[in-house]
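For reference, each letter of the sequence shown is one residue, going 1 to 248 in UniProt numbering. From the three backbone atoms N, C-alpha and C, an ideal C-beta is built for every residue, glycine too. Since we're looking at a predicted model, the values are computed, not measured.
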Amino acid sequence: MEHIALAVIGGTGVYTLAALDEVRSHEVQTAYGAPSGPVRVGLLNGQRVAFLARHGEGHSIPPHRINYRANLAALKQLGATRVLALNTVGGITDNFGPRVLACPDQLIDYTWGRISTLCEEDGSDVLHVDFGHPYTPSFRARVLAAAKATGVVMQDGGCYGATQGPRLETNAEIARMRRDGCDLVGMTGMPEAGLARELGLEYACLAIVANWAAGCGEAEEITMAEVLANVEAASAGLPTLVGELARG
Ligand code: HPA
Numbered sequence: 001m002e003h004i005a006l007a008v009i010g011g012t013g014v015y016t017l018a019a020l021d022e023v024r025s026h027e028v029q030t031a032y033g034a035p036s037g038p039v040r041v042g043l044l045n046g047q048r049v050a051f052l053a054r055h056g057e058g059h060s061i062p063p064h065r066i067n068y069r070a071n072l073a074a075l076k077q078l079g080a081t082r083v084l085a086l087n088t089v090g091g092i093t094d095n096f097g098p099r100v101l102a103c104p105d106q107l108i109d110y111t112w113g114r115i116s117t118l119c120e121e122d123g124s125d126v127l128h129v130d131f132g133h134p135y136t137p138s139f140r141a142r143v144l145a146a147a148k149a150t151g152v153v154m155q156d157g158g159c160y161g162a163t164q165g166p167r168l169e170t171n172a173e174i175a176r177m178r179r180d181g182c183d184l185v186g187m188t189g190m191p192e193a194g195l196a197r198e199l200g201l202e203y204a205c206l207a208i209v210a211n212w213a214a215g216c217g218e219a220e221e222i223t224m225a226e227v228l229a230n231v232e233a234a235s236a237g238l239p240t241l242v243g244e245l246a247r248g
């Protein structure tokens, strides 16, 4: 098994890591089934980096149907120990407007009906992992340091609310999430973070704010065109940041 310095899971609007050299594709099978697509492993700054598109490279898998267990298990099987999750999100509170990059430090899980643990099968070990700090604090600190070193502006902290989707939220749902303390809303943050902890992977979220969440901005409607344009604009510095992060 080759050493993988960093694994990256791309979200909506981020389907490749164009900066990877000498890419090899791996069709991985896991005890939990197949991941969302091939894992692309290549070199970035001389370091081996793995990339997986969470929704599939053609964005064909909706959030509630992603095999989160297989995705993370595939990365671990290939030798990854650290996973940077890119999550496209809506912004709820003032500091989290469109095109902001954020590294949240907390989450609230509003999803339901997803396979959310490795303990699903009969006979599997019962795990009660600590999850007080859902993102690995030392790895979060590395992400923030890499952002600083590469001149990428990033919000330190914030609470990610994971919703079921695939529809966007009602204004009342977002108002409730704001009262709960959420700054960001997305559909894929859970069960991924919890499973990463169960698998013993270091895990941090880099949230890309694509739009104001329902009822938070001026727009009458949230469109995919707006979401994709803002993700593209906000992602310009990501290959450099990921390259820096892969270094150590
Ligand atoms: N809500 C949930 N998920 C999202 C949003 C949103 O407003 N924008 C991008 N992903």
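Within the same chain, and ignoring the five residues on either side of Gly215 in sequence, the residues whose Cβ sits closer than 6 Å to its Cβ are Asn171 and Ile174.
Cα atoms of Ala5 and Val49: separation of roughly 6 Å, rounded to the nearest angstrom. Secondary structure note for Tyr135: it is in no beta strand (DSSP E), with a DSSP letter that is neither H nor E.
For Asn71, the enclosing alpha helix (DSSP H) stretches over residues Tyr68 to Gln77. Burial state of Glu221 is exposed, judged by a 10 Å Cβ sphere holding fewer than 16 other Cβ atoms. Within a 10 Å sphere around the beta-carbon of Arg40 sit 16 or more other beta-carbons, which makes this residue buried.
Secondary structure of Ile115 (DSSP, three-state): coil. At a cut-off of 7 Å, the beta-carbon of Gly123 does not count as near the ligand HPA: no heavy atom of the ligand is closer than that. Within the model, the alpha-carbon separation for His128 versus Pro35 is close to 24 Å.
Looking at the backbone, the Cα of Asp156 and that of Val209 are separated by about 14 Å. Taking each of Ile92, Met154, Ala229 and Glu244 in turn and checking the Cα distance to Arg179, the smallest one comes out for Ile92. As the crow flies, the alpha-carbon of Leu245 is around 15 Å from that of Ala102.
Taking non-hydrogen atoms of the ligand HPA into account, the C-beta of Ile66 is found less than 7 Å away from none of them. Ranking Glu22, Glu121 and Val89 by CA distance to the CA of Val231 puts Val89 first. The region 114 to 129 makes contact with the region 190 to 201: 3 or more CB pairs, one atom from each, lie closer than 8 Å. For a cut-off of 8 Å, the C-beta gap from Leu84 to Ala204 is around 6 Å, short enough to register as a contact.
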